[in-house]
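*Asks:* Residue numbers (our numbering): 1307 to 1424. All residues carry an ideal CB built from backbone N, CA and C; glycine is no exception. In this text the structure is predicted, and so the values were computed from the model without any measurement. Quick one: this structure, given as structure tokens, is what I'll be asking you about.
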């Protein structure tokens, strides 16, 4: 029994960094998809990267705020996400804005589908 408990503990210890890497990789993949699917210009890429970095910091602050419960964190993160999306459309062309909305709808649909399959 002790061996089993130790094996579970060790596997959990090694699994956590892998899960974090997967999350980082999925963010990177999403960023690349946005840049390529929307055919961002070099100027737009610079603005997108700066905006992403700014909001990444804000999301971290929310995540690390011990005064917020899970629901409050989720609410603030959703508000930040919407704010980021709004600010992003400021430097997109009308065609890019339409493509961006389509990408966001597809992402939400895929996320909802994966929740249903869980």
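Locate the alpha helix (DSSP H) running through residue 1399, then write down its first and last residues.
*Replies:* Neither: residue 1399 is in no alpha helix (DSSP H) and is coded neither H nor E.
*Asks:* For residue 1359 and residue 1392, what's the separation of their Cα atoms in angstroms?
*Replies:* For residue 1359 and residue 1392, the distance between alpha carbons rounds to 16 Å.
*Asks:* Taking the alpha-carbon positions, what's the residue 1270 to residue 1418 distance?
*Replies:* Residue 1270 cannot be examined here, being either before or after the span of the chain that is shown, 1307 to 1424.
*Asks:* Using only the alpha-carbon positions, how far apart do residue 1375 and residue 1368 sit?
*Replies:* About 10 Å.
*Asks:* Please state the DSSP three-state secondary structure of residue 1347.
*Replies:* Coil, per DSSP.
*Asks:* Measuring CB to CB, does residue 1350 end up less than 7 Å from residue 1406?
*Replies:* Going by C-beta atoms, residue 1350 is not nearer than 7 Å to residue 1406.
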